[in-house]
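All letters in the sequence shown, in the order written, are residues 322 to 636 by my numbering.
Note that the Cβ used here is the ideal one computed from N, Cα and C, for glycine as well.
Only one structure is covered here, and it is reproduced in the block below.
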Amino acid sequence: MKKTNLLPFLFSAGLAFAAFSCGQSGNKNTDTATSGKIKITVDESYAPIIEAQIQTFQGIYKYANIQAVYKPEVQVVQDLLNDTVRFAIMARQLNDREKAEFEKFKITPRINKIAVDGIALILNKENTDTTLTLQQVRDVFTGKTTSWRQLDPTAKDGKITIVFDNSNSSTARFIIDSINLKKPLPPNTYASTSNSNLVDYVAQNRNAIGVIGVNWISDRHDSTAISFLKRVNVVGISAKENPTSENDFIQPYQGYLAQGTYPLRREVFIVSKEARAGLGTGFASFITGDKGQRIILKSGLVPATMPVRIVGFRQ
Numbered sequence: 322m323k324k325t326n327l328l329p330f331l332f333s334a335g336l337a338f339a340a341f342s343c344g345q346s347g348n349k350n351t352d353t354a355t356s357g358k359i360k361i362t363v364d365e366s367y368a369p370i371i372e373a374q375i376q377t378f379q380g381i382y383k384y385a386n387i388q389a390v391y392k393p394e395v396q397v398v399q400d401l402l403n404d405t406v407r408f409a410i411m412a413r414q415l416n417d418r419e420k421a422e423f424e425k426f427k428i429t430p431r432i433n434k435i436a437v438d439g440i441a442l443i444l445n446k447e448n449t450d451t452t453l454t455l456q457q458v459r460d461v462f463t464g465k466t467t468s469w470r471q472l473d474p475t476a477k478d479g480k481i482t483i484v485f486d487n488s489n490s491s492t493a494r495f496i497i498d499s500i501n502l503k504k505p506l507p508p509n510t511y512a513s514t515s516n517s518n519l520v521d522y523v524a525q526n527r528n529a530i531g532v533i534g535v536n537w538i539s540d541r542h543d544s545t546a547i548s549f550l551k552r553v554n555v556v557g558i559s560a561k562e563n564p565t566s567e568n569d570f571i572q573p574y575q576g577y578l579a580q581g582t583y584p585l586r587r588e589v590f591i592v593s594k595e596a597r598a599g600l601g602t603g604f605a606s607f608i609t610g611d612k613g614q615r616i617i618l619k620s621g622l623v624p625a626t627m628p629v630r631i632v633g634f635r636q
């Protein structure tokens with residue numbers, strides 16, 4: 322796997338704000354809510370679930386053609402700001418700087434929450450230390466802890482290698498913002514080139530810890546998710562400083578995401594600048610409607626507008 326050190330990225334993520342016009346690429350829009358052609362940009366963490374949404378939508382509406390491009394979060398936002406697309410799916414809302422840029426052009430993007438997602442930590446199958454407290458996770462990602470023996474005195478000694486899917490990904494931004502509390506990632510942090518390559522690397526390297534969107538491992542009916550889960554272990558995380566039992570360590574299952582007990586939770590949003598009832602509006606209505614929310618439910622994430630039935634989960 323080609324590895325890219327994340328340190329130079331950390332805050333080259335300042336966006337290049339380019340002026341944009343009100344129409345996508347200056348073209349006249351001829352699409353309707355259920356027909357025509359549109360290009361959208363999507364956080365690559367959500368490729369499996371959005372592909373399922375598109376296939377179902379286009380199966381119902383035969384004259385609709387949605388072309389999704391999957392990119393790291395930084396590039397998704399740039400596409401919106403540069404007017405490359407008018408519809409995006411991402412793991413956060415717009416920040417104040419981005420909103421101000423839209424306001425210059427008198428554009429108010431519509432933002433819809435569509436799901437609750439999570440960040441999963443994955444380990445090599447030979448690594449038996451599959452439970453961590455939230456403080457231990459923070460110590461790893463800030464560089465305070467650099468070897469597995471610091472976490473478990475009985476573990477085989479080895480330097481921890483942290484691996485993300487991409488240097489500009491939403492998973493890296495989440496860890497920096499929510500776990501590290503804005504502190505940078507340590508020098509032993511690297512970026513892969515894709516989620517598949519990330520899993521490959523963790524499966525082949527005993528000392529690696531990978532950071533991946535739950536969507537890639539949550540759908541127990543999806544062949545890719547099943548394949549990934551056979552090759553790596555998923556870490557259980559406890560928000561308690563001094564957990565007293567195995568039940569205190571929570572894995573990123575749908576029920577725990579819904580209950581809010583899994584610590585590494587995040588939300589998924591549609592951001593649309595479409596000022597008319599075009600194909601983007603129709604697709605957004607589909608995702609937030611009954612059929613789209615059921616697809617999210619089946620994927621193992623938590624739909625924004627449907628209750629999740631929780632059966633047999635430990636308390």
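Just verifying my parser: in three-state terms, what is the DSSP assignment at residue i?
{"i": "Q414", "result": "coil"}
{"i": "L622", "result": "coil"}
{"i": "V406", "result": "coil"}
{"i": "Y511", "result": "strand"}
{"i": "Y583", "result": "coil"}
{"i": "S724", "result": "Residue 724 lies beyond the residue range present for the chain, which begins at 322 and ends at 636; the question has no answer from this structure."}
{"i": "S342", "result": "Low per-residue confidence applies at S342: pLDDT is 39, beneath 50, and the placement is therefore not dependable, though the value from the model is reported in the following sentence. In the structure shown, S342 sits in coil (DSSP, three-state: anything other than H, G, I, E or B)."}
{"i": "T449", "result": "coil"}
{"i": "E595", "result": "coil"}
{"i": "D478", "result": "coil"}
{"i": "L336", "result": "Confidence is the limiting factor: at L336 the pLDDT is only 36, short of 50, which leaves the residue's position unreliable and the question unanswerable from this model."}
{"i": "D364", "result": "strand"}
{"i": "G603", "result": "helix"}
{"i": "S468", "result": "strand"}
{"i": "F426", "result": "coil"}
Check each candidate in the options and name the one with the smallest Cα separation from residue i.
{"i": "I381", "options": "T355, K360 and V390", "result": "T355"}
{"i": "Q374", "options": "I387, S366 and E365", "result": "I387"}
{"i": "L506", "options": "K477, Y522, T482 and S517", "result": "T482"}
{"i": "E394", "options": "Q525, R494 and V553", "result": "R494"}
{"i": "V532", "options": "Q572, F485, T362 and R541", "result": "F485"}
{"i": "I428", "options": "R597, L442, I435 and E447", "result": "R597"}
{"i": "I500", "options": "S491, T545 and R459", "result": "R459"}
{"i": "D540", "options": "I371, T351, T353 and R470", "result": "I371"}
{"i": "S490", "options": "V398, I361 and T463", "result": "V398"}
{"i": "S513", "options": "I497, E562, N487 and T452", "result": "N487"}
{"i": "E562", "options": "A421, Q456, T466 and F426", "result": "Q456"}
{"i": "S517", "options": "F590, I497, S544 and Y574", "result": "S544"}
{"i": "S366", "options": "E588, N554 and R470", "result": "E588"}
{"i": "D498", "options": "T463, K360 and G557", "result": "T463"}
Buried or exposed for residue i, please, with buried defined as at least 16 other CB atoms from any protein chain shown within 10 angstroms of its CB.
{"i": "E595", "result": "buried"}
{"i": "L502", "result": "exposed"}
{"i": "Q376", "result": "exposed"}
{"i": "T510", "result": "buried"}
{"i": "K551", "result": "exposed"}
{"i": "S620", "result": "buried"}
{"i": "K383", "result": "exposed"}
{"i": "Q615", "result": "Checking the displayed sequence, the identity of residue 615 turns out to be Arg instead of Gln. Classification for R615: exposed."}
{"i": "R586", "result": "buried"}
{"i": "F426", "result": "exposed"}
{"i": "L622", "result": "buried"}
{"i": "T492", "result": "buried"}
{"i": "G613", "result": "buried"}
{"i": "Q575", "result": "buried"}
{"i": "G347", "result": "Low local confidence applies: a pLDDT of 45 at G347 is under 50, so the model's placement there is unreliable, and no value is given."}
{"i": "P508", "result": "exposed"}
{"i": "T466", "result": "buried"}
{"i": "I547", "result": "exposed"}
{"i": "D352", "result": "buried"}
Can you give me the Cβ contacts of residue i inside the same chain, cut-off strictly under 7 Å, excluding the 5 residues immediately before and after it?
{"i": "S342", "result": "For S342, the predicted model reports a pLDDT of 39, less than 50, meaning its position is unreliable and no value from the coordinates is stated."}
{"i": "V592", "result": "L401, A409, M411, L415, P430 and I432"}
{"i": "A529", "result": "N445, T482, V484, Y522 and V523"}
{"i": "R407", "result": "Q345, S593, K594, E595 and G601"}
{"i": "D473", "result": "D450"}
{"i": "F549", "result": "V520, W537 and I538"}
Might you give, ordered along the chain, the residues of its own chain that have their beta carbon closer than 6 Å to the beta carbon of residue i, omitting 5 neighbours on each side?
{"i": "S559", "result": "T454, D569 and F570"}
{"i": "I617", "result": "A436 and P624"}
{"i": "S577", "result": "Before going on, a small fix: residue 577 reads as Tyr here, not Ser. So the list reads I571 and Y583, once near-sequence residues are dropped."}
{"i": "V363", "result": "I371, A389, Y391 and I410"}
{"i": "G603", "result": "A354 and T355"}
{"i": "G439", "result": "V535, P573, L578, Y583, L585 and R586"}
{"i": "I496", "result": "F462"}
Quick check on the DSSP output: the alpha helix (DSSP H) that includes residue i runs from which residue to which?
{"i": "K503", "result": "Taken as a continuous stretch (DSSP letters only), K503 belongs to no alpha helix (DSSP H), as it is neither H nor E."}
{"i": "D521", "result": "N516 to Q525"}
{"i": "F495", "result": "S491 to F495"}
{"i": "G610", "result": "Careful: G610 lies outside any alpha helix (DSSP H) and carries neither H nor E."}
{"i": "Q572", "result": "Counting along the chain, Q572 falls outside any alpha helix (DSSP H), and DSSP gives it neither H nor E."}
Could you give the first and the last residue of the continuous beta strand (DSSP E) run that contains residue i?
{"i": "K434", "result": "R431 to N445"}
{"i": "Y391", "result": "A385 to K392"}
{"i": "N554", "result": "V553 to V555"}
{"i": "A529", "result": "A529 to G534"}
Between which residues of its own chain and residue i is the CB-CB distance below 8 Å, once the five residues before and five after are set aside?
{"i": "E447", "result": "R527"}
{"i": "S606", "result": "A354"}
{"i": "H542", "result": "K619"}
{"i": "A421", "result": "none"}
{"i": "Q396", "result": "T362 and N489"}
{"i": "F590", "result": "I410, M411, A412, R413, Q414, I432, N433, K434 and I435"}
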